[in-house]
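If you count by my numbering, then the sequence shown holds residues -13 to 107, one letter each, in order.
Beta carbons: idealized from backbone N, C-alpha and C, even for Gly.
Everything below concerns the one structure shown next.
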Amino acid sequence: MREDTTMQDAESDKLNEWVRLTSSDGYDYLVRKKVAMGSGTLRNMLSSESSFSEAISNTCPMNERAVIVEKLSEYLTYKSLYESAKKNEEIPDFQERVYPEISLELLVAADYYDATELRCE
């Protein structure tokens, strides 16, 4: 019986390590919870200490178009990957991945979701 409980806890942990980000036009993006925690706003929404529905369901509805949610997810993944890079390690420029047509909208969204290291110049 104890093995069943441990097994259920392990399955629950695996499910909880992913977060679903839902765009305003209905697209879903799955990102690791560790990656989503790179955003201050998402971190507050997903905090286990909060009683927000997002923390319970691991689903964050975002009031942004799919292309913006996709780029935010991509940036949070990029940030998570390179945040512990050594000073002499070459880090690719994220700005090359941002389309000029969405740069202003993406900058506003990055500010709201507290991912402000994203700069579109």
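Under the three-state DSSP convention, the category residue i falls into
i           : result
residue 106 : Confidence in residue 106 is poor, its pLDDT being 42 and thus under 50, which makes the residue's placement too unreliable to answer from.
residue 14  : strand
residue 83  : helix
residue 89  : helix
residue 74  : coil
residue -3  : Residue confidence for residue -3 is low, a pLDDT of 49 falling below 50, so the modelled location carries little weight and cannot support an answer.
residue 59  : helix
residue 95  : helix
residue 24  : coil
Chain B contact for residue i (CB, 7 angstroms cutoff)
i          : result
residue 27 : Annotation note: the requested chain B is absent from the structure, which comprises a single protein chain.
Selected residue, minimal CA-CA separation from residue i, among the options
i          : options           : result
residue 4  : 97, 28 and 83     : 28
residue 17 : 53, 47 and 63     : 63
residue 40 : 68, 93, 92 and 19 : 19
Sheet register partners of residue i (DSSP bridge)
i          : result
residue 5  : 17
residue 47 : 8
Anticipated Cβ contact below 8 angstroms, residue i with residue j, distance rounded
i          : j           : result
residue 24 : residue 101 : 7 angstroms
residue 51 : residue 9   : 6 angstroms
Checklist entry - Is there contact here, the segment 29 to 37 with the segment 72 to 83, by at least three beta-carbon pairs under 8 angstroms? => result Taking 8 angstroms as the limit for Cβ pairs, the verdict is that the segment 72 to 83 does not touch the segment 29 to 37.
Checklist entry - When the Cβ atoms of the segment 8 to 25 are set against those of the segment 84 to 94, are three or more pairs found closer than 8 angstroms? => result Taking a contact to require three or more Cβ pairs closer than 8 angstroms, the segment 8 to 25 and the segment 84 to 94 do not qualify as touching.
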